[in-house]
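Take a look at the structure set out below.
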Amino acid sequence: MKAALFLMIIGILLLLLGGIPAVFEFMGIQGFPLDPTSSLFPSHWFLMIYGFFGALIGNEVLVALSVEWTGRTADNKLIILFIIFTLIGSISFIYNQQLGLVLILVAMSILLYYSKEYLGRSRIGLNPTLYNWLLFLSLMVTVTIIDVQISLGYVIPYLNLIFPVSMVFAVMARDISLVTGVKPTKGWEISLALVLLILGMTFRLDFLMILAWILSFHTSRIYKFKGRKYPIIHLFTAWLYLLIGSIFVFNYDIFIHSIAVGFLFNTVFGVDVVLMDLFINTFQKRVSIKPSYAPYFLLNLGLLMRFIYDLGLSLPFFLLSAPLQGIGILLFFILTLRQVIK
Numbered sequence: 012m013k014a015a016l017f018l019m020i021i022g023i024l025l026l027l028l029g030g031i032p033a034v035f036e037f038m039g040i041q042g043f044p045l046d047p048t049s050s051l052f053p054s055h056w057f058l059m060i061y062g063f064f065g066a067l068i069g070n071e072v073l074v075a076l077s078v079e080w081t082g083r084t085a086d087n088k089l090i091i092l093f094i095i096f097t098l099i100g101s102i103s104f105i106y107n108q109q110l111g112l113v114l115i116l117v118a119m120s121i122l123l124y125y126s127k128e129y130l131g132r133s134r135i136g137l138n139p140t141l142y143n144w145l146l147f148l149s150l151m152v153t154v155t156i157i158d159v160q161i162s163l164g165y166v167i168p169y170l171n172l173i174f175p176v177s178m179v180f181a182v183m184a185r186d187i188s189l190v191t192g193v194k195p196t197k198g199w200e201i202s203l204a205l206v207l208l209i210l211g212m213t214f215r216l217d218f219l220m221i222l223a224w225i226l227s228f229h230t231s232r233i234y235k236f237k238g239r240k241y242p243i244i245h246l247f248t249a250w251l252y253l254l255i256g257s258i259f260v261f262n263y264d265i266f267i268h269s270i271a272v273g274f275l276f277n278t279v280f281g282v283d284v285v286l287m288d289l290f291i292n293t294f295q296k297r298v299s300i301k302p303s304y305a306p307y308f309l310l311n312l313g314l315l316m317r318f319i320y321d322l323g324l325s326l327p328f329f330l331l332s333a334p335l336q337g338i339g340i341l342l343f344f345i346l347t348l349r350q351v352i353k
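Just so we're aligned, residue 12 is where the sequence shown starts under my numbering, counting upward by one.
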């Protein structure tokens, strides 16, 4: 089994390990009497951010983007090392948070170390572009955030969301035009948006996050609607959730899940250009995916129900909120991988 494929499988398994406890926990809050995964819930955010998204982003940095920029994937030994530290770090966090943080710090340092490849000339002689530098910056910030938490001796869960969110902004600087069909505005806008978003999320300052949203929404040109409908709908929804999270920073649950579920997963579902690169370089073949709106509908219906519940309205069928989100996410990967494997 190729290392890149193994990394993808590990990521999906960590998605299940981190996601299932979250489903039961929210159902428990709503009165569901059974929670067989309660001991795993305190670690679910870590498993999702550094386990699932860590594996997904690791595959991008070490495999897909690497092939495009350097003409090759990272050395298999480096990929295997990343897999080992990501997997062991994620599992270790369940039993010992400090040990988990230290091991994940090593995994993120591997990505940072390899990202130096993107600061040199490409295989066809291109100089580093904005996305190369933003990718490096995002990983630098991530390593710093983990290091600070190790030094403090405790974790600040929401702070770690900066890792996947900043990486989305970095890749957006390169790939958004492939989705929208419209050339982004000048690079300074997305760069400033990223800096403001990092500061806004760090200190939970709504005005900084809203300003970052305005800049990123403008530079992305999502509102032009010139691209294919499927990714545009997902990305427009993702940016709508980012705005909701920016406005509701005072409501921790809405703030966290607007970004972690609404923004990140709608982006993952929608940016099929990036996914195709990932699958092509993982399975070594070209693939054609027929998208389904079922995961989109299930994920966002469940998330909307959750937010209504957070705002004080409780209805019996809201118990389906968390399961709908989980089924939507799982269904997306099942449908996509099924088509790729065929």
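The C-beta atom is built at its ideal place from N, Cα and C for all residues, glycine as well.
Just so it is clear, the structure is predicted and the values come from calculations on it, not from any experiment.
1. Can you find the residues in the same chain that come closer than 6 Å, C-beta to C-beta, to R215, ignoring five residues on each side of it along the sequence?
2. Using the Cβ count rule (16 or more neighbours within 10 Å means buried), how would you classify P32?
3. Taking K235 as the reference, which of L203, L141, S202, V190 has the closest Cα?
4. Over the uninterrupted alpha helix (DSSP H) stretch that includes E79, give me the two end residues.
5. Does DSSP put P47 in a helix, in a strand, or in coil?
6. With H, G and I counted as helix, E and B as strand and the rest as coil, what does DSSP make of I201?
7. When we look at the beta-carbon of P327 and count the other beta-carbons within 10 Å, is it buried (16 or more) or exposed?
8. Determine, using beta-carbon pairs with one atom in the region 223-233 and one in the region 168-176, whether at least three such pairs fall under 8 Å.
9. How is A305 classed by DSSP in three states: helix, strand or coil?
10. Measuring CB atoms only, is the region 138-149 touching the region 84-104, in the sense that at least three cross pairs come out at less than 8 Å?
11. Between which residues of its own chain and S54 is the CB-CB distance below 6 Å, once the five residues before and five after are set aside?
12. Tell me which same chain residues have a C-beta within less than 8 Å of the C-beta of I161, skipping the five on either side of it?
13. Grouping DSSP H, G and I as helix and E and B as strand, with all else coil, what is P175?
14. Taking T81 as the reference, which of F63, F52, N138, L123 has the closest Cα?
15. What ranges does the alpha helix (DSSP H) occupy inside the region 210-264, keeping only unbroken runs of at least 4 residues that lie completely in it?
16. With DSSP run on the structure shown, which of helix, strand or coil describes A85?
17. Look up V206 in the DSSP assignment and say whether it is helix, strand or coil.
18. If I follow the unbroken alpha helix (DSSP H) through A271, where does it start and stop?
19. With a 10 Å radius around its C-beta and 16 neighbouring C-beta atoms as the bar for buried, classify V8 as buried or exposed.
20. Is the region 55-70 touching the region 126-136 in the sense that three or more CB pairs, one from each, lie closer than 8 Å?
21. My parser needs the beta strand (DSSP E) runs of 3 or more residues fully inside the region 114-164; what are they?
22. Taking the C-alpha atoms as reference points, what is the distance between I121 and R349?
23. For the candidate residues H268, T155, G22, D186, whose alpha-carbon lies nearest to that of T230?
The answer reads as follows:
1. Here residue 215 corresponds to residue number 204 of the sequence shown, with the count starting at 1. Excluding sequence neighbours, R215 sits near V260.
2. Position 21 of the sequence shown holds residue 32. By the neighbour-count definition (other C-beta atoms within 10 Å, threshold 16), P32 is a buried residue.
3. Taking the first residue of the sequence shown as 1, we reach residue 235 at position 224. Restricting attention to L203, L141, S202, V190, the CA atom closest to the CA of K235 is found in V190.
4. Along the sequence shown, read from residue 1 onward, the residue named residue 79 stands at position 68. Boundaries of the alpha helix (DSSP H) around E79: 76-81.
5. Residue mapping note: residue 47 aligns to position 36 of the sequence shown, counting from 1. P47 falls in the coil class under three-state DSSP.
6. The residue given as residue 201 occupies position 190 in the sequence shown. Assigned with DSSP and collapsed to three states, I201 falls in helix.
7. The count along the sequence shown starts at 1 and reaches residue 327 at position 316. With fewer than 16 Cβ atoms within 10 Å of its Cβ, P327 is classed as exposed.
8. The region 223-233, when compared against the region 168-176, does not touch it at the 8 Å Cβ threshold.
9. Looking up residue 305 in the sequence shown gives position 294. In this structure, A305 counts as helix in the three-state DSSP scheme.
10. With a cut-off of 8 Å, the region 84-104 and the region 138-149 do not count as touching, because too few Cβ pairs lie within range.
11. One-based indexing of the sequence shown puts residue 54 at position 43. If we look at S54 and ignore the five residues flanking it on each side, its Cβ neighbours are F104, I105.
12. Position 150 of the sequence shown, counted from the start, is the residue given in the question as residue 161. Once the five neighbours on either side are set aside, the close Cβ partners of I161 are Q109, L112, V113, L116.
13. Locating residue 175 in the sequence shown gives position 164, where the first residue counts as 1. Residue state, collapsed to three classes: helix.
14. What you label residue 81 is simply residue 70 of the sequence shown in a count that begins at 1. Cα-wise, what sits closest to T81 is N138.
15. Positions of the alpha helix (DSSP H) runs, each at least 4 residues long and wholly inside the region 210-264, are given as 217-231, 240-258 in order along the chain.
16. Working through the sequence shown from its first residue, we reach residue 85 at position 74. A85 falls in the coil class under three-state DSSP.
17. Within the sequence shown, the letter at position 195 stands for residue 206. DSSP places V206 in helix when its eight states are reduced to three.
18. Locating residue 271 in the sequence shown gives position 260, where the first residue counts as 1. No alpha helix (DSSP H) holds A271; DSSP gives it neither H nor E.
19. Only positions 12 to 353 of the chain appear in the structure, and residue 8 is not among them; the question remains open.
20. Not touching, per the Cβ criterion.
21. Taking only runs of at least 3 residues, no beta strand (DSSP E) segment lies wholly in the region 114-164.
22. One-based indexing of the sequence shown puts residue 121 at position 110. One-based indexing of the sequence shown puts residue 349 at position 338. In a straight line, the C-alpha of I121 is about 31 Å away from that of R349.
23. Position 219 of the sequence shown, counted from the start, is the residue given in the question as residue 230. Comparing Cα positions, the closest option is D186.
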